[in-house]
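Residue numbers (my numbering): 57 to 192. Cβ coordinates follow ideal geometry from the N, Cα and C atoms, glycine included. Treat the numbers as computed from the prediction; the structure is a model and nothing was measured.
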Amino acid sequence: RKQELALVLLNTGYDYYLLSKYDSAMAYYNESEPILRQLKFELGVAYIIGNRALVYWKQGDRDKAKEDLFRAIEMLKPLGDKYGMADYYNQLGNIFKEENAEEEAIKYTLIGLEMAKSVGLKEQVRDASYLLFKLT
Numbered sequence: 057r058k059q060e061l062a063l064v065l066l067n068t069g070y071d072y073y074l075l076s077k078y079d080s081a082m083a084y085y086n087e088s089e090p091i092l093r094q095l096k097f098e099l100g101v102a103y104i105i106g107n108r109a110l111v112y113w114k115q116g117d118r119d120k121a122k123e124d125l126f127r128a129i130e131m132l133k134p135l136g137d138k139y140g141m142a143d144y145y146n147q148l149g150n151i152f153k154e155e156n157a158e159e160e161a162i163k164y165t166l167i168g169l170e171m172a173k174s175v176g177l178k179e180q181v182r183d184a185s186y187l188l189f190k191l192t
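Structure (structure tokens):
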């Protein structure tokens with residue numbers, strides 16, 4: 057039942073991220089990652105990397121956040137996980153928007169929007185559409 061434990065830790069970390077409790081989020085991610093790696097559960101590892109990137113972003117390290125979001129997306133591509141990729145592309149759009157790199161923000165948000173639309177991900181479509189509205 058190690059995989060179940062690791063996923064609970066991952067999800068708990070994300071809950072702490074949503075509550076802006078970044079140190080707690082990192083602690084749960086860091087506890088989950090070695091289990092997921094031991095199990096060779098690449099999807100979970102990709103989510104750890106991507107979700108940890110969101111914490112780096114909120115803590116002010118945009119470069120590390122972008123690097124790890126791109127890394128997570130590359131890991132998710134062969135797995136076909138469009139949910140994670142769409143969400144991470146949207147988050148890249150937000151980061152580039154913060155950096156006033158509007159062309160990059162639009163580029164990655166559009167990728168996330170099209171990906172989300174292709175599989176009916178309403179939340180990601182909403183988020184991308186709203187970000188594009190703010191960018192134009």
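Here the alpha carbon of Met-171 sits roughly 10 Å from the alpha carbon of Ala-184. Leu-95 counts as exposed, since fewer than 16 other C-beta atoms from the protein chains shown sit within 10 angstroms of its C-beta. Judged by DSSP in its simplified three-state form, Ser-76 adopts coil rather than helix or strand. Closest by C-alpha distance to Lys-153, out of Tyr-144, Ala-142, Asp-143, Thr-165, is Thr-165.
Within the region 89-175, complete alpha helix (DSSP H) segments of at least 4 residues are found at 98-114, 118-132, 138-154, 158-175, given in chain order. Short of 7 Å from the beta carbon of Ile-104, and not among the five residues preceding or following it, lie these beta carbons of its own chain, in chain order: Leu-66, Tyr-85, Ser-88, Glu-89, Leu-92. With respect to the 8 Å criterion, Gly-106 and Asp-124 are classified as neighbours on the basis of their beta carbons. Excluding sequence positions up to five before and after Asn-146, its CB lies within less than 7 Å of the CB of Thr-165, Gly-168, Gln-180, Asp-183, Ala-184, Leu-187, all in the same chain and listed in chain order. Each of Ser-174, Val-175, Lys-173, Leu-148 was checked against the Cα of Ile-162, and the nearest Cα belongs to Leu-148.
Cβ-Cβ distances below 6 Å link Ala-142 to Gly-168, Met-171, Ala-172, Leu-177, Gln-180 in the same chain, with the five nearest sequence neighbours on each side left out; the list follows chain order. Around Lys-114, the same chain offers Tyr-73, Ser-76, Tyr-78 as residues with beta carbons nearer than 8 Å, after the five sequence neighbours per side are excluded.
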